[in-house]
Amino acid sequence: CHHWGWTLLAAGLLNVIAKFFAAVSPRVEHAVQASANEIAAWSLGVGAAVLIGYAATVWCRVPGAAHADHDGASPHRSFVGWITTRPALWGWAFVIAAAPLWMSHRLGPVTTIWPDSHEWWLILTGVVLLCGGLALAWSERSFHGEDARRYGAMEQLFLCADRRLAELIPQYAEKGDKHVLDEIHDVLFQLGREALDENAEWLILHRTRPLEPFLAA
Numbered sequence: 555c556h557h558w559g560w561t562l563l564a565a566g567l568l569n570v571i572a573k574f575f576a577a578v579s580p581r582v583e584h585a586v587q588a589s590a591n592e593i594a595a596w597s598l599g600v601g602a603a604v605l606i607g608y609a610a611t612v613w614c615r616v617p618g619a620a621h622a623d624h625d626g627a628s629p630h631r632s633f634v635g636w637i638t639t640r641p642a643l644w645g646w647a648f649v650i651a652a653a654p655l656w657m658s659h660r661l662g663p664v665t666t667i668w669p670d671s672h673e674w675w676l677i678l679t680g681v682v683l684l685c686g687g688l689a690l691a692w693s694e695r696s697f698h699g700e701d702a703r704r705y706g707a708m709e710q711l712f713l714c715a716d717r718r719l720a721e722l723i724p725q726y727a728e729k730g731d732k733h734v735l736d737e738i739h740d741v742l743f744q745l746g747r748e749a750l751d752e753n754a755e756w757l758i759l760h761r762t763r764p765l766e767p768f769l770a771a
């Protein structure tokens with residue numbers, strides 16, 4: 555939800571910037587009016603090129619490193635952090651940004667009371683920004699960021715316990731040392747306590763701030 559929320563906001567921002575330049579420069583406005591389809595196609599091409607290049611770099615990486623880079627991203631990064639460290643976000647933003655411009659040019663004026671292409675462009679850009687904001691609000695109200703941090707911490711804890719048990723179990727199987735068995739029991743006991751604590755934190759968090767619809771003031 556964070557990823558697509560920031561992506562939609564970036565796509566809306568691209569349209570806002572283009573709309574600004576079209577509003578202050580008659581030459582840009584004329585170019586947009588005359589070549590809306592070409593500009594939309596160019597935006598799609600740029601987005602596709604960025605996504606293909608990003609996919610190629612990920613494919614060439616070591617699988618473990620690519621996995622760590624994807625999962626290690628904090629869902630609570632700032633907008634600047636997202637747009638400067640996630641090439642895939644920019645690729646999808648350019649792809650999505652082409653839709654409002656192309657659709658506004660297609661809808662165009664039908665009657666005198668029907669919005670013209672500029673108004674449709676503004677309306678559709680607002681829809682994209684609104685969808686991005688709602689996606690971020692939903693993930694925040696659903697505690698996805700907090701859950702991701704807790705699950706990430708528990709994943710590292712279980713991985714460490716797994717590595718330690720992988721050393722202790724063969725030692726006990728080979729020697730039958732009671733001290734090794736006690737350490738195995740202690741690792742499992744502490745791991746179970748941490749799992750129960752994590753589950754309790756989840757219950758407290760979701761009961762303290764239950765998910766509910768926003769009410770008008």
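Position one of the sequence shown corresponds to residue 555 (the working numbering), numbered consecutively onward.
All C-beta atoms in this analysis are idealised placements derived from N, C-alpha and C, irrespective of residue type, glycine included.
Can you tell me the Cα-Cα spacing of residue i and residue j, whole angstroms?
i, j, result
"residue 668", "residue 754", "55 Å"
"residue 617", "residue 608", "At residue 617, the pLDDT of 49 sits below 50, so the modelled position is not reliable and the matter cannot be decided from this model."
"residue 751", "residue 598", "48 Å"
"residue 708", "residue 728", "30 Å"
"residue 580", "residue 759", "54 Å"
"residue 671", "residue 658", "5 Å"
"residue 689", "residue 584", "34 Å"
"residue 563", "residue 614", "29 Å"
"residue 691", "residue 757", "21 Å"
"residue 611", "residue 561", "20 Å"
"residue 683", "residue 577", "19 Å"
"residue 725", "residue 743", "19 Å"
"residue 681", "residue 674", "10 Å"
"residue 661", "residue 698", "38 Å"
"residue 568", "residue 575", "11 Å"
"residue 705", "residue 713", "12 Å"
"residue 590", "residue 596", "10 Å"
"residue 643", "residue 700", "22 Å"
"residue 718", "residue 606", "40 Å"
Once you ignore the five residues that flank residue i on each side, which residues in its own chain have a CB closer than 6 Å to its CB?
i, result
"residue 601", "645, 648 and 649"
"residue 594", "652, 655 and 656"
"residue 687", "none"
"residue 787", "In the structure as shown, the chain begins at 555 and stops at 771. Residue 787 is therefore absent and cannot be evaluated."
Under 8 Å Cβ to Cβ from residue i, same chain only, skipping five residues before and after it: list those, please.
i, result
"residue 711", "745 and 748"
"residue 722", "734, 737, 738 and 741"
"residue 586", "572, 576, 593 and 655"
For residue i versus residue j, is the C-beta distance shorter than 7 Å?
i, j, result
"residue 679", "residue 559", "no"
"residue 741", "residue 720", "no"
"residue 556", "residue 696", "no"
"residue 604", "residue 641", "yes"
For a test of the three-state rule: what should DSSP assign to residue i, helix, strand or coil?
i, result
"residue 660", "helix"
"residue 555", "coil"
"residue 599", "helix"
"residue 669", "coil"
"residue 695", "helix"
"residue 686", "helix"
"residue 731", "coil"
"residue 640", "coil"
CB-CB under 7 Å to residue i, same chain, minus the five flanking residues each way: which ones, in chain order?
i, result
"residue 676", "573"
"residue 570", "679"
With respect to 6 Å, is the separation between the Cβ of residue i and the closest non-hydrogen atom of the ligand SAH below this value?
i, result
"residue 565", "The ligand SAH is not among the ligands present in this structure, which contains no ligands whatsoever."
Kindly say whether residue i, judged by its beta-carbon, lies nearer than 7 Å to any beta-carbon of chain B.
i, result
"residue 760", "Included in the structure is just one protein chain, with no chain B present."
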